[in-house]
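> When you read off a place in the sequence shown, starting at 1, and then add 24, the result is the number in the working numbering.
No residue lacks a Cβ here, since even glycine has one placed at the ideal position from N, Cα and C.
Dropping a structure here in structure tokens format, bear with me for questions.
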Amino acid sequence: MVWLAIIGLLTLCHSGIAHRTKFPDGFTFGVATAAHQIEGAWNISGKSENVWDRLTHSRPELIADGTNGDVATDSYHRYQEDVDALAYLGVDFYRLSLSWSRILPSGRNNYINPDGIRYYNALLDALAEKNIEPLVTLFHWDLPQSLQDLGGWANPKMIDFFRDYADFCFREFGDKIKSWITINEPYEICEDGYGDEKKAPAIDSHGVGNYLCSDTLLKAHAEVFHLYNETYREKQNGTIMISINSIWYEPSDPENTEQVTLAETANQFKFGWFAHPIFTEQGGYPAVMVENIARESMQEGLTKPRLQQFDDYWIQRIKGTSDFLGINHYTTFLVTGPGVDPTAKSPSWLKDTGAVTTMEVGEDSASEWLRVVPAGFGNLLRWCKSSYNDPPIYITENGFSDRGTLEDYGRIKYLNDYLTEILNVIYEDNVRVLGYALWTLVDNFEWRAGFSERFGVYYVDITQPDRPRTPKLSAEYYRALVATRELPQDERFFDQARL
Ligand code: GBH
Numbered sequence: 025m026v027w028l029a030i031i032g033l034l035t036l037c038h039s040g041i042a043h044r045t046k047f048p049d050g051f052t053f054g055v056a057t058a059a060h061q062i063e064g065a066w067n068i069s070g071k072s073e074n075v076w077d078r079l080t081h082s083r084p085e086l087i088a089d090g091t092n093g094d095v096a097t098d099s100y101h102r103y104q105e106d107v108d109a110l111a112y113l114g115v116d117f118y119r120l121s122l123s124w125s126r127i128l129p130s131g132r133n134n135y136i137n138p139d140g141i142r143y144y145n146a147l148l149d150a151l152a153e154k155n156i157e158p159l160v161t162l163f164h165w166d167l168p169q170s171l172q173d174l175g176g177w178a179n180p181k182m183i184d185f186f187r188d189y190a191d192f193c194f195r196e197f198g199d200k201i202k203s204w205i206t207i208n209e210p211y212e213i214c215e216d217g218y219g220d221e222k223k224a225p226a227i228d229s230h231g232v233g234n235y236l237c238s239d240t241l242l243k244a245h246a247e248v249f250h251l252y253n254e255t256y257r258e259k260q261n262g263t264i265m266i267s268i269n270s271i272w273y274e275p276s277d278p279e280n281t282e283q284v285t286l287a288e289t290a291n292q293f294k295f296g297w298f299a300h301p302i303f304t305e306q307g308g309y310p311a312v313m314v315e316n317i318a319r320e321s322m323q324e325g326l327t328k329p330r331l332q333q334f335d336d337y338w339i340q341r342i343k344g345t346s347d348f349l350g351i352n353h354y355t356t357f358l359v360t361g362p363g364v365d366p367t368a369k370s371p372s373w374l375k376d377t378g379a380v381t382t383m384e385v386g387e388d389s390a391s392e393w394l395r396v397v398p399a400g401f402g403n404l405l406r407w408c409k410s411s412y413n414d415p416p417i418y419i420t421e422n423g424f425s426d427r428g429t430l431e432d433y434g435r436i437k438y439l440n441d442y443l444t445e446i447l448n449v450i451y452e453d454n455v456r457v458l459g460y461a462l463w464t465l466v467d468n469f470e471w472r473a474g475f476s477e478r479f480g481v482y483y484v485d486i487t488q489p490d491r492p493r494t495p496k497l498s499a500e501y502y503r504a505l506v507a508t509r510e511l512p513q514d515e516r517f518f519d520q521a522r523l
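Given below as structure tokens:
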């Protein structure tokens with residue numbers, strides 16, 4: 025008996041259980057933040073108003089706790105504390121974003137704000153001092169209001185404005201930044217900001233503005249990629265990608281073939297909307313999107329579909345414009361059947377999908393939309409490998425919200441289980457996941473949720489003027505993980521009562 029048990033144990037170790045907790049050599053760890061959520065200093069040192077300043081000031085009732093990004097975690101003044109926290113965690117890289125309206129207050133490149141340049145140089149130097157690589161997002165939702173006044177991402181002229189802004193950033197900071205992200209979460213920008221009121225600028229042009237936005241945004245992304253590729257890459261020797269958020273859709277009944285097909289449709293509408301044009305051989309919007317929207321548009325009596333396929337020039341121009349597939353991932357929803365979702369406006373992206381969905385799955389978090397479904401993450405990653413020809417992948421965001429407790433066992437469990445899925449797909453399915461950024465460093469301004477939902481591994485007391493940061497238990501967990509490159513098994517990280 026004893027011998028059998030020992031042999032059993034040895035086989036388990038050999039079959040991979042033992043190395044399942046260890047990340048492969050070269051895998052990198054970081055944390056992610058975004059300018060508007062942490063910087064504060066909203067109207068000083070030359071920064072102009074952005075769409076989130078405008079929304080939070082003019083319609084504060086839209087923010088769960090009435091807070092805003094005016095001071096946020098005051099990282100504009102306290103960036104050294106952030107960098108010290110990053111050094112304590114021991115991360116390889118820090119994903120941050122640049123505030124467009126701090127760098128180019130008019131939105132255009134006619135005037136450059138010297139304080140903005142000084143700030144980012146100081147931050148980049150402080151990171152270099154600690155040997156932390158910057159991974160920098162050009163646009164994480166904080167569009168200069170002056171450009172929004174011209175229509176924002178619904179205006180094709182944005183292609184030029186975004187290229188000019190990126191051009192300036194590459195020239196000014198390119199010696200210090202080797203890894204770039206063009207745009208964070210195009211779906212959220214277009215659907216939540218132009219097709220709904222969930223994000224600034226809260227245009228709510230459902231079924232129309234969201235698709236104007238995606239046309240412009242994908243072209244603008246592609247132009248910035250080509251600019252980097254042709255003008256800067258050789259000299260600066262860096263990389264550039266886009267970060268796409270995924271809510272992964274699963275059929276609620278995996279045996280139900282109609283649901284299986286609809287879940288695929290929903291994934292094409294959600295992730296494929298922006299990934300298909302960039303990461304497939306074929307290029308362009310997913311066929312099922314083009315078809316569904318054409319059909320819906322006809323029924324609405326329109327003479328032209330609300331979304332049209334790109335022409336050949338743009339299909340070619342957009343294809344292949346990302347060195348890596350950047351994935352932000354938090355959660356999974358279920359598809360329950362065909363039809364019009366009860367929450368769908370008309371017309372709208374959701375109605376266009378033709379699927380009814382539910383969030384009733386997994387354990388909850390402090391965010392209504394965030395359910396804990398680690399298996400969905402594994403399925404998403406395998407789907408990305410097969411749908412997009414085995415791309416090299418960075419997880420550019422992943423994290424969990426609670427109300428700010430220091431003993432954040434819920435977050436640790438979430439991280440442990442989601443990171444386990446990454447290990448599984450790396451070792452079992454050869455999915456090429458190269459690095460991981462935890463969302464987020466410090467509790468910060470969580471958009472319309474204000475400070476009511478907290479994602480940080482550092483607690484921030486926003487009632488204190490000096491915004492003190494306190495490490496949560498998850499900070500110790502992540503520090504241990506980064507130091508050993510192995511999922512910590514120490515029992516102090518796990519809530520013994522709940523195991
Ligand atoms: C990311 O978005 C963002 O990049 C980051 O800035 C953010 O802080 C983080 O996640 C945590 O939220 O109006 O209630 O339906 C994640 C994707 C998609 C999350 C849309 C919230 C809708 C909220 N987001 N979503 S709701």
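1) Among the candidates Gln488, Arg142, Asn134, Asn454, whose CA atom is the shortest distance from the CA of Trp407?
2) Taking Cβ positions, are Trp165 and His245 nearer each other than 8 Å?
3) When the cut-off is 8 Å and only beta carbons count, does Gly400 lie next to chain B?
4) Any idea what DSSP makes of Asn145, helix, strand or coil?
5) For Cys214 and Phe186, what's the separation of their Cα atoms in angstroms?
6) Between Ala379, Phe401, Val484, which lies nearest to Leu430 when the distance is taken from Cα to Cα?
7) Quick one: using the 10 Å Cβ neighbour count with 16 as the cut-off for buried, is Leu387 buried or exposed?
8) Within its chain, find whatever has a CB closer than 6 Å to the CB of Ser39; leave out the 5 residues flanking it on each side and keep chain order.
9) Is Tyr354 near ligand 1, judged by its Cβ being under 7 Å from some heavy atom?
10) Out of curiosity, what's the CA-to-CA distance linking Ile339 and Trp177?
11) On the criterion of 16 or more Cβ atoms from any shown chain inside 10 Å, does Lys181 qualify as buried, or is it exposed?
12) Write down every uninterrupted run of the alpha helix (DSSP H) in the stretch 383-449 whose length is 4 residues or greater and which is fully enclosed by it, in chain order.
13) Does the beta-carbon of Ala290 have 16 or more other beta-carbons within 10 angstroms, so that it is buried, or is it exposed?
14) Please check the pair Glu209 and Asn92, which I expect to be a contact at CB under 8 Å, by giving their CB distance rounded to whole angstroms.
15) Unbroken beta strand (DSSP E) runs of length 3 or more, entirely within the stretch 298-383: which are they?
16) May I ask which residues mark the beginning and end of the beta strand (DSSP E) holding Thr161?
17) What is the DSSP secondary structure of Asp116, reduced to helix, strand or coil?
18) Going by Cα to Cα distance, which pick from Gly344, Gln323, Val397 is closest to Tyr354?
19) Nearest CA to the CA of Glu288: which residue from Thr345, Arg78, Ala379, Asp336?
20) Do you know how far the Cα of Phe192 is from the Cα of Ile127?
21) Restricting to runs no shorter than 3 residues, where is the beta strand (DSSP E) found entirely within the stretch 445-490?
22) Leu79 and Pro225: beta carbons closer than 8 Å?
23) Quick check on Lys328: buried or exposed, where buried means 16 or more other Cβ atoms within 10 Å of its Cβ?
24) To the nearest angstrom, how far is it from the Cα of Ile450 to the Cα of Arg493?
25) Just to confirm, does Ala58 get its C-beta within under 7 Å of one of the non-hydrogen atoms of ligand 1?
26) Which same chain residues, not among the five before or five after Glu477, have their C-beta less than 7 Å away from its C-beta?
27) Return yes when the Cβ of Gly54 is within less than 8 Å of the Cβ of Tyr118, no when it is not.
28) So does Phe479 have its beta carbon nearer than 7 Å to some heavy atom of ligand 1?
29) For Gly434, collect the residues of the same chain with a Cβ closer than 6 Å to its Cβ; drop the 5 residues on either side in sequence, then sort them by chain order.
30) Report whether the distance from the Cβ of Asp216 to the nearest heavy atom of ligand 1 is below 7 Å.
31) Using the Cα positions of Ala507 and Asp116, report the straight-line distance between them to the nearest angstrom.
32) What span of residues does the alpha helix (DSSP H) with Thr285 cover, start to end?
33) Report the partner residues of Gly54 according to the DSSP bridge assignment.
34) Which one of Trp66, Lys71, Gly70 has the shortest CA to CA distance from His81?
35) Threshold first: 3 residues or longer. Then list the beta strand (DSSP E) segments lying entirely within the stretch 150-232, N to C.
36) Does the stretch 486-502 come into contact with the stretch 91-105, if we say contact requires no fewer than three beta-carbon pairs (one atom in each stretch) closer than 8 Å?
Looking at the atomic coordinates:
1) What you label residue 407 is simply residue 383 of the sequence shown in a count that begins at 1. Among Gln488, Arg142, Asn134, Asn454, the Cα nearest to that of Trp407 is on Asn454.
2) Locating residue 165 in the sequence shown gives position 141, where the first residue counts as 1. Locating residue 245 in the sequence shown gives position 221, where the first residue counts as 1. The answer is no: Cβ separation not under 8 Å.
3) The chain inventory of the structure shown lacks chain B, comprising one protein chain alone.
4) Looking up residue 145 in the sequence shown gives position 121. In the structure shown, Asn145 sits in a helix (DSSP, three-state: H, G or I).
5) Sequence index remark: in the sequence shown, residue 214 carries index 190 (1-based). Sequence index remark: in the sequence shown, residue 186 carries index 162 (1-based). Distance between the alpha carbons of Cys214 and Phe186 is about 16 Å.
6) Taking the first residue of the sequence shown as 1, we reach residue 430 at position 406. Residue Val484 is the option with its Cα nearest to Leu430.
7) On the sequence shown, position 363 is the one that residue 387 refers to. Looking at the sequence provided, one finds Glu at residue 387 rather than Leu. Exposed, because fewer than 16 other Cβ atoms sit within 10 Å of the Cβ of Glu387.
8) Residue mapping note: residue 39 aligns to position 15 of the sequence shown, counting from 1. Caution is warranted here: a pLDDT of 43 is assigned to Ser39, below 50, making its placement in the model unreliable, and the coordinate value is therefore given only provisionally. Around Ser39: no qualifying Cβ.
9) One-based indexing of the sequence shown puts residue 354 at position 330. Checking the 7 Å criterion, the Cβ of Tyr354 is within range of a heavy atom belonging to ligand 1.
10) The sequence position of residue 339 within the sequence shown is 315, counting from 1. The sequence position of residue 177 within the sequence shown is 153, counting from 1. For Ile339 and Trp177, the distance between alpha carbons rounds to 19 Å.
11) Locating residue 181 in the sequence shown gives position 157, counting from the first residue. Residue burial annotation: Lys181 is exposed, with fewer than 16 other C-beta atoms found within 10 angstroms of its C-beta.
12) Counting only runs of 4+ residues, the alpha helix (DSSP H) found wholly inside the stretch 383-449 occupies 398-411, in chain order.
13) Residue mapping note: residue 290 aligns to position 266 of the sequence shown, counting from 1. Classification for Ala290: buried.
14) For the purposes of this step, residue 209 is taken as residue 185 along the sequence shown, with counting starting at 1. For the purposes of this step, residue 92 is taken as residue 68 along the sequence shown, with counting starting at 1. Rounded, the Cβ-Cβ distance is 20 Å, inconsistent with contact.
15) As far as the stretch 298-383 is concerned, its whole beta strand (DSSP E) runs of at least 3 residues are 349-362, 379-382.
16) In the sequence shown, residue 161 corresponds to position 137, counting from 1. From DSSP, the beta strand (DSSP E) with Thr161 extends over 157-163.
17) The sequence position of residue 116 within the sequence shown is 92, counting from 1. The answer is coil: DSSP assigns Asp116 none of H, G, I, E or B.
18) Reading the sequence shown from its first residue, position 330 is the one you call residue 354. Closest by alpha carbon: Val397.
19) If you number the sequence shown from 1, residue 288 lands on position 264. For Glu288, the nearest C-alpha among the options comes from Ala379.
20) For this step, residue 127 is matched to residue 103 along the sequence shown. For this step, residue 192 is matched to residue 168 along the sequence shown. Answer to the nearest angstrom: the Cα atoms are 9 Å apart.
21) Fully enclosed beta strand (DSSP E) runs of 3 or longer: 457-463, 482-484.
22) Position 55 of the sequence shown holds residue 79. Position 201 of the sequence shown holds residue 225. Note that the C-beta distance between Leu79 and Pro225 is below 8 Å.
23) Reading the sequence shown from its first residue, position 304 is the one you call residue 328. Residue environment for Lys328: exposed (fewer than 16 other C-beta atoms within 10 angstroms of its C-beta).
24) Position 426 of the sequence shown holds residue 450. Position 469 of the sequence shown holds residue 493. Ile450 and Arg493: Cα-Cα distance of roughly 34 Å.
25) Stepping through the sequence shown from its first residue, residue 58 is reached at position 34. Yes - ligand 1 has a heavy atom lying nearer than 7 Å to the Cβ of Ala58.
26) Within the sequence shown, residue 477 is the residue found at index 453, counting from 1. The answer, listed in chain order, is Ala390, Ser391, Ser425, Glu470.
27) Residue numbering aside, residue 118 sits at position 94 when the sequence shown is read from its first letter. Residue numbering aside, residue 54 sits at position 30 when the sequence shown is read from its first letter. For Tyr118 and Gly54, yes; Cβs fall inside 8 Å.
28) Translated into the one-based positions of the sequence shown, residue 479 becomes position 455. Yes; taking the cut-off as 7 Å, the Cβ of Phe479 has a heavy atom of ligand 1 nearer than that.
29) Along the sequence shown, read from residue 1 onward, the residue named residue 434 stands at position 410. If the five residues before and after Gly434 are omitted, its C-beta is found closer than 6 Å to the C-beta atoms of Asp426, all from its own chain and listed in chain order.
30) Indexing the sequence shown from 1 puts residue 216 at position 192. The answer is yes for Asp216.
31) Here the question's residue 507 lines up with position 483 in the sequence shown. Here the question's residue 116 lines up with position 92 in the sequence shown. Taken atom to atom, the span from the alpha-carbon of Ala507 to that of Asp116 is near 10 Å.
32) Numbered from 1 along the sequence shown, position 261 holds the residue referred to as residue 285. Note, Thr285: alpha helix (DSSP H), 281-291.
33) Working through the sequence shown from its first residue, we reach residue 54 at position 30. Residue pairing by DSSP places Gly54 opposite Phe117, Ala461 in a beta bridge.
34) Indexing the sequence shown from 1 puts residue 81 at position 57. Put simply, of Trp66, Lys71, Gly70 the residue whose alpha carbon is nearest the alpha carbon of His81 is Trp66.
35) 157-163, 203-208, all fully within the stretch 150-232.
36) Yes, since at least three Cβ pairs between the stretch 486-502 and the stretch 91-105 fall closer than 8 Å, the two stretches touch.
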